[in-house]
Amino acid sequence: MGIYEEISLNKRKSLLLIFLFIIIIVLLGYVFGLIFFNPVVGLAIAFIISIIFTLISIFSGDKIILKVMNAKEAKKPEHTRLINIVEGLSIAAGIPVPKVYVIEEDSPNAFATGINHEKSSVTVTTGLLKLMNKNELEGVIAHEISHIKNYDIRFMLLVATLVGISVLISDMILRSLWWGGYSHRGRDSRGSIYIIVIGLVLAILTPIIVQLIKLAVSRKREFLADASGALLTRYPKGLADALRKIKADKEPMVKGANRAMAHLFIADPMRAVGENVKHWFSTHPDINARIRRLENM
Amino acid sequence: MPLGIFLWILIVILVISVLWFILTYNGFIRLRNRIENALSQIDVQLKRRYDLIPNLIESVKGYMKHERGVLTEITKARSSLIKGNIHEKARASNQISEALKTIFAVAENYPNLKASKNFMQLQEELSGTEDKIAYSRQFYNDSVLTFNQKVQTFPSKIIASMFSFKEKEYFEAEEEAKKAVKVKF
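Respectively, the protein sequence lines represent chains A and B. Note that this note's numbering has the first sequence beginning at 381, numbered continuously upward. Note that this note's numbering has the second sequence beginning at 53, numbered continuously upward.
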């Protein structure tokens, strides 16, 4: 699959995701309304809420993520080398230069975010800057730039924000069912139990479904970004060495990262030290497999 | 009705060829714009290097009494960075890359120079620019490769000759171009 097919696929998937998100939230709202007040009102409120959240995700999702991660914009002369590398590789990729951010954090990691080529950013941790030599840093940045070029960032950003919100909302409903459901039981026990069961199923299922969508996409995406990154630097060994260093690093946790954001990073920020078991719920392909592929290029 | 089917097939073929025609033509235009853009990106970086060189010479000339040759070489090549054709620019750029390597290697012998903040910043900037030249050149040459392949291969060749899209030149010095050809045959 060529890069242009990948780009249009990412744009289609982003639309589909928004669509799915709205449907799920509206369904949740309907069930919530059915249980507690009025299904139509619940549906209407949920629809409005889902639209608002979608708009926020599109227009300031990346800013929210950068804020949560406490990322600061990189400045010269302190980060001259980093800025130069980002500029160089975006020239190589033929995209506008993204903004560059740095997080004070010992664990080496990096991510790209944004909604399109013009509104995008690359963020690295100070740990990464300390640990990597120039070739390795170029490898990592090229991987991130590829995410931007392929429009992975748009889809990943929407996943991060919309998944986060869905999980939050279904969690809320689950909790209110737990407490509120009991008081209704006395009046018409048959109907409300039936509804509660639907609600429970929905509330449990939603985060799982969204989680699975996310997983299905990000593994292949990482391999692709590794490959197109190597095409930019013409030096796959740089990224392979960087990944090896990241794997060996003793501080894998990025403070402030949570499950909904894990897939943005180049290496899973939630991974345990020395982990090499493949989990169905991990958002990243096995780091050894990535190194092997890079070395066989 | 056999005649009806025949007509339909004809229409379908016609529609597909018109669509193909439009898409291929637009593809050429897009690529041509990308190449122009890439070339101006190279020029931006060459200009940046052009501007940085006097500062570099200023900061090293006090130290490098014995290496005056390199400095004059750089100064001579410098002006070709921003004028001349694509091959002349590429050649000047290569010469300067070599000369810069020498200067930075020689600088290792002068601890005072090496430790000077000004020189360190210049070195970082110049090597950053050096990388950017290499990357912009890579992007340009890749785009030219795609364009030329389209010009040379059937069926996009038809449209290329209809609108006289000519093969583009790679960003490389004449010597490099000759070398590349030698390797090919």
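A virtual CB, placed ideally from N, CA and C, is assigned to each residue, including glycine. Note that the structure is predicted; figures quoted are calculated from it, not measured.
Item: Contacting positions in the stretch 451-463 of chain A - beta carbon closer than 7 Å to chain B; Value: PRO457, THR460 and ARG461
Item: ILE483/A vs THR503/A beta-carbon contact at 8 Å; Value: yes
Item: Segment contact flag, the stretch 76-89 of chain B with the stretch 200-217 of chain B, C-beta cutoff 8 Å, min 3 pairs; Value: yes
Item: At least 3 beta-carbon pairs within less than 8 Å: the stretch 451-467 of chain A vs the stretch 168-182 of chain B; Value: yes
Item: Nearest-angstrom beta carbon gap, LEU511/A and ASN489/A [assumed within contact, 8 Å]; Value: That pair is no contact at about 10 Å.
Item: Residues bridged to LYS128/B (per DSSP); Value: Note: LYS128/B sits in no beta bridge, so no partner.
Item: ALA151/B beta carbon less than 8 Å from that of GLU176/B; Value: no
Item: Proximity below 8 Å, CB of TYR102/B to CB of ILE134/B; Value: yes
Item: C-beta neighbour in chain B for GLY468/A, strict 8 Å; Value: yes
Item: C-alpha distance - THR613/A paired with GLY544/A, whole-angstrom precision; Value: 34 Å
Item: Contact with chain A by LYS218/B, beta-carbon distance below 8 Å; Value: no
Item: Assigned secondary structure, ILE495/A (DSSP; H/G/I helix, E/B strand, else coil); Value: coil
Item: Distance CB(PHE412/A)-CB(ILE553/A) smaller than 8 Å; Value: yes
Item: Within-8 Å CB hit, ILE471/A to chain B; Value: yes
Item: Residues of its chain near LYS514/A, where Cβ-Cβ distance is below 8 Å and the 5 sequence neighbours each way are ignored; Value: ARG461 and ILE465
Item: Nearest neighbour of LYS625/A, chosen from ALA454/A, LEU611/A and ALA647/A [CA to CA]; Value: ALA647/A
Item: Selection of the stretch 186-201 of chain B by Cβ proximity to chain A, strictly under 7 Å; Value: TYR187, SER188, GLN190 and PHE191
Item: Cβ pair count under 8 Å reaching 3, the stretch 106-122 of chain B against the stretch 185-205 of chain B; Value: no
Item: Amino acids of chain A, ordered along the chain, whose beta-carbon sits closer than 8 Å to that of GLN175/B; Value: Those do not exist, as GLN175/B stays about 10 Å from chain A at its closest Cβ, beyond 8 Å.
Item: 8 Å Cβ cutoff, ASP16/B in contact with chain A; Value: This structure cannot speak to residue 16/B, because chain B is shown only from 53 to 237.
Item: Rounded distance between the beta-carbons of LEU98/B and LYS141/B, thought under 8 Å; Value: 6 Å
Item: Whether ILE405/A touches SER556/A by CB criterion (8 Å); Value: no
Item: For LYS510/A, the first and last residue of its enclosing alpha helix (DSSP H); Value: 506-511
Item: Within chain A, partners of ALA90/B - CB distance below 8 Å; Value: GLY474
Item: CB contact check: GLY654/A to chain B, cutoff 8 Å; Value: Any answer about GLY654/A is weak, because its pLDDT of 42 lies below 50 and its placement is not dependable; what the coordinates show is given next. Output row for GLY654/A: interface = no.
Item: Candidates ILE65/B, MET172/B and SER92/B: closest to PHE156/B by CA position; Value: MET172/B
Item: Helix, strand or coil at LYS99/B according to DSSP, with G and I counted as helix; Value: helix
Item: Expected contact under 8 Å - CB spacing of ILE471/A and TYR187/B to nearest Å; Value: 5 Å
Item: Proximal residues of chain A, C-beta to C-beta of GLY180/B below 9 Å; Value: THR460, ARG461, ILE463, ASN464, ILE465, GLU467 and GLY468
Item: Within 8 Å, strictly: CB atoms of ARG670/A and LEU604/A; Value: no
Item: THR506/A versus ASP442/A - alpha carbon distance; Value: 20 Å
Item: Secondary structure of LYS617/A, DSSP reduced to three states; Value: helix
Item: Closest Cα partner of VAL539/A within the set PRO649/A, VAL448/A, THR493/A and PHE427/A; Value: THR493/A
Item: Beta-carbon separation (whole angstroms), GLU675/A vs ALA607/A, contact threshold 8 Å; Value: The pair is not a contact, with the Cβ atoms about 12 Å apart (cut-off 8 Å).
Item: Residue range of the alpha helix (DSSP H) that includes LYS166/B; Value: 163-167
Item: As assigned by DSSP and simplified to three states, the class of THR205/B; Value: coil
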